[in-house]
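Engineer: Below: one structure in structure tokens.
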Amino acid sequence: MALITVDMEKCIRCGACVDVCPGNILGMGAQGPEKTGERTCISCGHCVAVCPVGALDNRKNRLAKQVELNGFAYPAAEEMEKILRFRRSCRAYQDKLVPAKDIEKLLDVARHAPTGGNSQGLSFLVFTGREKLDAFVEAVICWMEHIIKTDGPRADYFTGVVGNYRNEGIDSILRGVRQLIVAIAPDAHRGPRDNCAFVWAYAELFAPSMGLGTCIAGFVQGCAFAGWQPLLELMDIHPGMQVGGALMVGYPCYGYKRLVARQPLLVEFR
Numbered sequence: 003m004a005l006i007t008v009d010m011e012k013c014i015r016c017g018a019c020v021d022v023c024p025g026n027i028l029g030m031g032a033q034g035p036e037k038t039g040e041r042t043c044i045s046c047g048h049c050v051a052v053c054p055v056g057a058l059d060n061r062k063n064r065l066a067k068q069v070e071l072n073g074f075a076y077p078a079a080e081e082m083e084k085i086l087r088f089r090r091s092c093r094a095y096q097d098k099l100v101p102a103k104d105i106e107k108l109l110d111v112a113r114h115a116p117t118g119g120n121s122q123g124l125s126f127l128v129f130t131g132r133e134k135l136d137a138f139v140e141a142v143i144c145w146m147e148h149i150i151k152t153d154g155p156r157a158d159y160f161t162g163v164v165g166n167y168r169n170e171g172i173d174s175i176l177r178g179v180r181q182l183i184v185a186i187a188p189d190a191h192r193g194p195r196d197n198c199a200f201v202w203a204y205a206e207l208f209a210p211s212m213g214l215g216t217c218i219a220g221f222v223q224g225c226a227f228a229g230w231q232p233l234l235e236l237m238d239i240h241p242g243m244q245v246g247g248a249l250m251v252g253y254p255c256y257g258y259k260r261l262v263a264r265q266p267l268l269v270e271f272r
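Quick note on this note's numbering: the sequence shown kicks off at 3 and runs consecutively.
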């Protein structure tokens with residue numbers, strides 16, 4: 003089929019599909035919307051989703067696969083503010099595994115996050131079990147010790163993390179979590195880390211609705227981004243693939259009773 007097809011009996015020629023197209027590939031012709039020139043469609047599906055009468059279809063993001071909203075109303079501003087401010091990084095987890103189906107649900111929602119140029123492209127590895135994750139922690143600690151020895155970036159901060167781990171057994175790397183999600187993408191991917199940041203944000207916001215806690219595993223990410231081979235080998239990251247990010251997931255030990263304050267808003271209107 004052609005990239006764009008239009009049911010002319012339904013089309014009301016409102017032009018909404020033309021206006022929302024990020025690639026400007028649509029124009030309003032004499033018979034309705036049509037593809038113009040050789041500009042590239044990024045498969046976002048906005049043209050299909052915005053049509054008020056369901057007249058337009060796009061081969062790269064089919065009408066049949068899009069979910070009808072059927073009167074859905076966005077949460078009121080006050081409720082939405084609470085949802086956003088409720089999100090927390092969880093650093094105390096129960097000794098209990100999250101079922102695979104729940105992690106799949108979490109990621110299935112999170113993958114709908116925006117990505118640069120609608121590039122998407124992330125896949126996920128879920129690592130389970132303390133023995134395996136303890137090995138990850140040890141690899142990250144060894145990387146930190148290398149940074150300290152060579153007086154690299156953040157050496158002073160890493161000294162405290164390593165000391166707490168070696169002397170007192172305090173795990174500041176993975177916080178005793180039993181499951182870790184690692185996002186990966188092909189080396190040729192344009193921006194896996196940026197894309198992953200959006201995906202993790204969606205996951206962190208959705209997780210509480212499932213009774214889950216999450217926290218970006220920043221030390222693991224930094225170690226992987228630095229190309230520390232002992233960690234990448236433990237993850238079994240295949241050649242041609244790169245790490246986009248890492249996220250702890252589990253059942254939180256505690257529930258918070260208040261929304262904390264942040265630094266004052268700083269804004270200028272010019």
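Think of the CB as a built atom: it goes at the ideal place given N, C-alpha and C, for glycine as much as any other residue. Computed from a predicted structure; not experimentally measured.
#1: With a floor of 3 residues, list each beta strand (DSSP E) that falls wholly inside the region 145-188, ordered by position along the chain.
#2: Which whole-angstrom value is the C-beta distance of Ala248 and Ile186, which I expect to be below 8 Å?
#3: Leu1: buried (16+ other C-beta within 10 angstroms of its C-beta) or exposed?
#4: Three or more C-beta pairs closer than 8 Å, one from the region 14-34 and one from the region 45-59: is that the case here?
#5: Alpha carbons only, please: which of Met243, Gly213 and Ser211 is nearest the one belonging to Ala226?
#6: Given Ala115, which residues of its chain have a CB within under 6 Å of its CB, disregarding the five upstream and five downstream residues?
#7: Give the C-beta separation of Leu267 and Phe88 to the nearest angstrom, bearing in mind that I take them to be a contact with Cβ-Cβ under 8 Å.
#8: Buried or exposed for Pro101, going by 16 or more other Cβ atoms inside 10 Å?
#9: Between the beta-carbon of Val22 and the beta-carbon of Val52, is there less than 9 Å?
#10: Tell me the DSSP secondary structure of Ala115 in three-state form.
#11: Given that a residue counts as buried once 16 or more other Cβ atoms are within 10 Å of its Cβ, and exposed if not, what is Pro77?
#12: For the region 155-175 and the region 40-50, state whether three or more C-beta atom pairs, one from each stretch, are separated by less than 8 Å.
#13: Quick check: what's the CA-CA separation for Ile27 versus Asn63?
#14: Which runs of the alpha helix (DSSP H) fall wholly inside the region 46-95 and span at least 4 residues, in chain order?
#15: What span of residues does the alpha helix (DSSP H) with Met237 cover, start to end?
#16: On the DSSP letters alone, give me the boundaries of the alpha helix (DSSP H) that Gly246 sits inside.
#17: Exposed or buried, what is Met82 when buried is set at 16 or more other beta-carbons lying within 10 Å of its beta-carbon?
#18: According to DSSP, which residues form a beta bridge with Gly215?
#19: Taking the beta carbon of Thr216 as the centre, do at least 16 other beta carbons fall within 10 Å, making it buried, or is it exposed?
#20: Comparing alpha-carbon positions, which option in Gln231, Met146, Leu108 and Thr42 lies nearest Ser121?
#21: Could you tell me the boundaries of the alpha helix (DSSP H) in which Glu206 lies?
#22: Assuming Val100 is part of the beta strand (DSSP E), what are its boundary residues?
#23: With distances taken Cα to Cα, identify the nearest neighbour of Ile175 among Phe208, Gln223 and Gly246.
#24: Within 10 angstroms of its Cβ, does Val163 collect 16 or more other Cβ (buried), or is it exposed?
#25: Which residues bound the alpha helix (DSSP H) around Val222?
#26: When the Cα of Ile143 is compared with those of Gly17, Glu106 and Thr161, which residue comes out closest?
#27: Does DSSP classify Glu106 as helix, strand or coil?
#28: Taking only the alpha-carbon atoms, compute the straight-line gap between Glu147 and Arg180 and give it to the nearest angstrom.
Structural biologist: Short version:
#1: 181-188
#2: The pair is not a contact, with the Cβ atoms about 10 Å apart (cut-off 8 Å).
#3: Because the chain in this structure spans residues 3 to 272, residue 1 falls outside the shown range and cannot be described.
#4: yes
#5: Met243
#6: Phe200, Val201 and Tyr204
#7: Not confirmed; about 19 Å, so no contact.
#8: exposed
#9: yes
#10: coil
#11: exposed
#12: no
#13: 15 Å
#14: 48-52 and 79-88
#15: Gln231 to Met237
#16: It is not in any alpha helix (DSSP H) - Gly246 instead sits in the beta strand (DSSP E) that spans Met243 to Gly252.
#17: exposed
#18: Gly252
#19: buried
#20: Thr42
#21: Pro194 to Phe208
#22: Neither: Val100 is in no beta strand (DSSP E) and is coded neither H nor E.
#23: Gln223
#24: buried
#25: Gly220 to Phe227
#26: Thr161
#27: helix
#28: 24 Å
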